[in-house]
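Reading the sequence shown from the start, the letters are residues 1 to 104 in full-length UniProt numbering.
All residues carry an ideal CB built from backbone N, CA and C; glycine is no exception.
Predicted model only: the values in this text are computed from it and were never measured.
Below: the structure, in structure tokens.
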Amino acid sequence: MSKTFTVSDVASHNKADNLYIIVDGDVYDVTKFQDDHPGGKKILQRVGGKDASKQFWKYHNEGILKKWHGRLHVGSLDTKPKPAPAPEPVPEPSPKTVAATQKE
1 MSKTFTVSDV ASHNKADNLY IIVDGDVYDV TKFQDDHPGG KKILQRVGGK DASKQFWKYH
61 NEGILKKWHG RLHVGSLDTK PKPAPAPEPV PEPSPKTVAA TQKE
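Structure, rendered in structure tokens:
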């Protein structure tokens with residue numbers, strides 16, 4: 001289950017042994033990913049506890065985010081807009097309604 005974070009919550013996760021970053025309003029725990037990061041752990045540590053969206057998109061594409069999302073995503077910022085609710089389904093007209101409409 002996804003958790004909701006404030007910016008200050010994420011800011012407290014800024015050490016190598018407890019490292020979170022923000023990308024587009026989503027929060028990622030990159031603590032265990034540091035040694036696997038192709039660019040090195042220092043880059044992640046530099047943006048730890050902060051919004052790293054600008055730096056992330058400069059060097060990565062959406063495929064990278066999708067690849068690691070399931071393993072690293074821990075929640076969203078409380079300021080991230082909620083997705084719009086799905087529209088109500090439109091009921092199919094009954095055969096009687098269709099027949100009455102065709103007679104007119």
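When DSSP states are grouped into helix, strand and coil, residue 23 belongs to the strand group. Between the alpha carbons of residue 33 and residue 52 lies a gap of roughly 15 Å.
The Cβ-Cβ distance between residue 29 and residue 74 falls below 7 Å. CA-to-CA, the gap between residue 40 and residue 54 works out to about 17 Å.
Here DSSP, grouped into helix, strand and coil, assigns residue 90 to coil.
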